[in-house]
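Everything on this sheet refers to the single structure shown next.
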Amino acid sequence: MLLERESALAQATAALRRAEGGEGSLLVVRGPLGVGRSTFLESLATLSRDHGFVLLRAQASAAEEPFQFGVVGQLLDSLRGVVPPDDLARWLRRADASLPGGTSHTALGDGTPTATSASSALSRQRAPRWLTVLLGCIQDDRPAVLMVDDLQWADTGSLQALALSLARRARRRILFVFSVLPGDVRGTRQHVREVLAPQDFRADPGCADGLFRSDDTVSDRALELSPLGLNSVRLLVEKSLGGATDPVFVDTVATRSGGNPLLLRTVLDEAQYLRLRPTATDAVVVATLRPERVRQRLDAFLRSQPDHVRRVAYALTLLGPAADEQFVARLAELDDAGRDQAVEVLRLAGLVDRRSYRLTSGTVLRDLLEENMPAQERTVMRGVTAELLHRAGHPAELAAEQLMAVITLRGPKAVQILRTAAASAQRRGSPRDAARYLRPALLDSSLSGHNRARLLVDLATSERSFATAASLRHVVEAVPLLSTVRERADAILLLGPLQMDPPAFRIDVIRASIADELRRSDTGDTTERELALRLEAREHILSAQDPAHIQRALRRLRDLGPSPRPATPGERELVTSLMHIAFVAGSVPAEQLASLCTRVLEQERPVPDHVHSTVPLAVNILAGAEHTEGAANWLREAHRLAQRRGGDVEQAVIRCEQALVALADGHRTYARDKVVQADALAGPEASGLPTVCAAVLAIVAMNTDEPELAEQLLTQHRLHTENQHLAALLHVARGTLAARRDEARTALDHYRTAGRRTEQIGWLNPVVLPWSSCAALMHHRLGEHEEALAAAQLELDRSRAWGAPTALGRALIVLGRVTSGRKGPELLEEAATVLEKSGNAYELSRALYALGTHRETHRNRRSEALKRAHELANEHGAPALARKIGSKLAERTGEPEARGNRLTPSERKVARLAAAGLSNSDIASQLGTSSRMVEKHLTNSYRKLGIPGRPGLAKALTGDDTEQ
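Numbering-wise (the numbering used here), the sequence shown opens with residue 855 and increments by one.
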């Protein structure tokens, strides 16, 4: 397939026609390495044969250059088997007759001339005239094309013979076609230049050599072949690999090859061999291919060039976009003249852009050029390149990339370049790049003591965003090398309390040692006080599963007074850590903790780095207390910034926070989606999720009816056997799975084991782990009614002490389900009343379902409760619960489950009040529900009515009434 060569073929066809009419000419085909000169000549050869031309063809090469008349011999050999033997013999006899003495030197024993013997019998003096006469004999019978590929490699004798024949081309039916590689050093030889720019002569018997200069004009042409465009690349990809092609794959192939036909063909051949498909996924593989055939061609070209040309090629490769004439000269160690000559050679060969100092022909060529460099020379040149770029004011990251590819660094200057580049990468929000620059710097043998410590701290700062275990390890290594206690405290505080792993590297021992050192110094300095408060906060979090420490922490919280001052970051971290312990212990009511956490969050900016402080624990408490107003927007802004900065750990933790807030607001599907997203970010490099986050995600998974996902998340965590809370959660997940299999006794054992673990560490808040209500249901299933009532009552008492509506409503549901007689429905009615004000429609639906299925509930109330429960489950995205309730309704009424997008009675009531002009808070007050529930009803109404918001409600409701 010959693409984008239509113009060149048209010119060649015109030259053939002129030659056929007796106007011979020269056609020179030029183009960079691999542009397809030989392929073009092959097409032209086919075209000439189709037009009835005699074709003489030769391929010059380095291997045959030493052989005298090697190209002439190939030209003559190409006639064998192509033209009738009688014609060939006649032409050879006439050519022999032109030699001095007029006798043949080419006959065999039987007198038959041969092409091979003809060329071998020639001398330098005889060959030009002999070839000229031979071509004259041929063109007398038929028009001819004489074609030589890679003329720059032709031997001298053949070049001299061709030069004389070319001089007679004007009035002969011969087209001479030569391909040459511009810039090749052999192309500058005098005999090559004479062939490519021949004089025009014609015969004159009066002259000594029988020739004189002619005034005839000749239509010589030079055809420049260029790389292929994107459309041609796409066509070749389709032909080679078949099927629909992804634009990403085509773009990658085009970038890799630069449209150069040789590079393109070899890349596609290798892709075909590897059975790649033209997809975006396989484009990643294509971007790494380095075809061996291209490597060999490039190596042959470079070996044929003088040393200064090779050095300039290497310099251009290393400098890349930063290359200019000064940098190239300094890196290649050349003066201006040597540099210009070398660049011109590379430009003529098509390796360097004509208007700049940049390599052309695709990224594969650049990669192969670099691999062609001797290792030691590459190391030295990269070091020099980095220093040149850095001193010239280029971006530090550009200079650092040079050092990333060397085995050993060249002292302090190289380390400084890498550190500057890392700081730049960190500022633009790319911690992975920052760490990538800093890691090689650690290998520099000249780095020790305090300097090494600062480098380790910088590396840990970058790694904490995506590789927490490595960050922890580097902080531990840095601390002993730092000079002052402030520096050591700063280093240990780089690690957020959520990311600190108590068993790893004895991190708590190191923290305690630094805290003691700060207390002993006690200079009264404000900075040191802040450091001490933040270290104390980490102590409380790391010791939160120690019952004795929990009591000390609660006393510390009481000592701060009823309204602690969270003015500074250190004070906020301390207060939040103490509130976290009060929360898990269930020792302070939800309202009190929520008020304090709200004040903390109001003073914190919504930035991704908040995950390295105690702020996520404040969000956790607010979600547990169901005071999430403003938290969702705060987290949304923090997540937006985290996505822009690219930190996996920050994004994962924020998604955990969002999942918890969404669950508290009753958005179960959204919460579940955030669980999956967070888990996807917490890969092996990040050492999994922080312990608190793993617990959050497991809780969300179990509350969205996915205990299998909860079990998977927990068993994957490295501390699921050592951390008591994670172990308890795992037992609850396995207990739920056992209950689904109708293995009530096994489930009960799991739930009670979970309870023992949480009781042992003093975590009594049922929001953290509602194990007691789970155990109550299993006791009830097994017929153990007293035990069921006791377990359910325990959870209810603790939930009342905590005071959050959803937790209280859930406890009431369980107690109502296990309580017989009229007391059961009364408890379920209380649960529905509590949950009606909570805004958690899912839990309200569950309460109403329990009420509607309790055997002691009045018949009319059953039907009413089930219908309302069904409406809520459909409205708020709980299809499994909706189906369950729908089937109960169908059993009772004998009618199929209702479907459709009509407004429910609750939605219609809220929508009418909103259309009348009432605010959300007025509607909530009038209906005795929460503002969040009103907002949910309105959102569903807008969706079902197909309107953007409140202004269209009145008109839409009129239409909906008409339909109904």
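Heads up, the beta-carbon is just placed ideally off N, CA and C, and yes, glycines get one too.
For residue j and residue i, believed in contact at Cβ under 8 Å, the rounded distance
i, j, result
"THR1430", "VAL1469", "7 Å"
"THR1545", "ASN1577", "6 Å"
"ALA1768", "LEU1726", "Not really, about 19 Å apart at Cβ, beyond 8 Å."
"GLY1740", "GLU1697", "Incorrect: roughly 19 Å between the Cβ atoms, too far for contact."
"LEU1580", "ALA1629", "With 8 Å as the limit, LEU1580 and ALA1629 do not qualify as a contact, their Cβ atoms being about 19 Å apart."
"HIS1162", "LEU1188", "6 Å"
"VAL1107", "VAL1087", "6 Å"
"GLU1241", "LYS1267", "6 Å"
"VAL1206", "ARG1212", "7 Å"
"LEU1005", "PRO1052", "The Cβ separation is near 12 Å, so there is no contact."
"GLU1836", "THR1758", "In the structure as shown, the chain begins at 855 and stops at 1818. Residue 1836 is therefore absent and cannot be evaluated."
"LEU1743", "HIS1708", "That pair is no contact at about 15 Å."
"ARG1273", "ASP1312", "7 Å"
Through-space distance from residue j to residue i, alpha-carbon basis
i, j, result
"ARG1426", "ARG1318", "22 Å"
"ALA1513", "ARG1144", "46 Å"
"PRO1624", "GLU1649", "7 Å"
"GLN1531", "ASP1502", "11 Å"
"THR1783", "PRO1334", "59 Å"
"HIS1434", "ALA1472", "7 Å"
"LEU1116", "ALA1186", "28 Å"
"ALA1324", "ALA1314", "7 Å"
"SER1012", "GLN1159", "23 Å"
"ARG1406", "SER1441", "13 Å"
"ASP1651", "ALA1436", "17 Å"
"PRO1285", "ALA1295", "16 Å"
"HIS1304", "LEU1336", "6 Å"
Local Cβ density within 10 Å of residue i, reported as buried at 16 or more and exposed below that
i, result
"GLU1078", "exposed"
"VAL1138", "exposed"
"ARG1412", "exposed"
"GLN1126", "exposed"
"ASP1038", "buried"
"HIS1604", "buried"
"GLU1761", "buried"
"ASN1694", "buried"
"GLN1614", "exposed"
"LYS1677", "exposed"
"GLY890", "buried"
Short Cβ contact (9 Å threshold) for residue i with residue j
i, j, result
"ALA1288", "ALA1277", "yes"
"LEU1156", "ARG1147", "no"
"ALA1386", "LEU1372", "yes"
"ALA1076", "VAL882", "yes"
"ALA1391", "LEU1447", "no"
"HIS1712", "PRO1679", "yes"
"ARG1025", "GLU877", "yes"
"GLY1478", "ALA1661", "yes"
"PRO1443", "GLY1589", "no"
"LEU1029", "LEU1000", "yes"
"SER1300", "VAL1269", "yes"
"SER1699", "ALA1723", "yes"
Reference residue i, options the options, closest by Cα
i, options, result
"HIS1464", "ASP904, LEU1348 and LEU1681", "LEU1348"
"ILE1261", "TRP984, LEU1387, GLU1231 and THR1612", "GLU1231"
"TRP1617", "PRO1401, VAL1530, PHE1032 and THR1099", "PRO1401"
"ALA949", "ARG983, PHE923 and GLN922", "ARG983"
"GLY1041", "VAL1199, LEU929 and ARG980", "VAL1199"
"GLN1150", "ASP1178, THR1120 and LYS1093", "THR1120"
"THR986", "ARG1383, ARG1023 and ARG996", "ARG1023"
"VAL1554", "THR1575, TYR1524, ALA1486 and VAL1234", "TYR1524"
"ARG1290", "ASN1474, ALA943 and ALA1254", "ALA1254"
"GLN952", "CYS991, ALA1250 and LEU895", "Here residue 952 turns out to be Ser, not Gln, going by the sequence shown. Out of CYS991, ALA1250 and LEU895, CYS991 has the C-alpha closest to the C-alpha of SER952."
"GLY1731", "ARG1716, LEU1636 and HIS1521", "HIS1521"
"THR1673", "THR1687, ARG1635, GLU1690 and PRO1659", "ARG1635"
"PHE1320", "ALA1398, ASP1190, GLU1179 and PRO1462", "PRO1462"
"VAL908", "ASP931, LEU887 and PRO886", "ASP931"
Any non-hydrogen atom of the ligand ADP within 8 Å of residue i CB
i, result
"ARG1220", "Ligands displayed in this structure: none; no statement on the ligand ADP is therefore possible."
Chain D contact for residue i (CB, 9 Å cutoff)
i, result
"GLN913", "Of the chains in the structure shown, none is chain D; there is only one protein chain."
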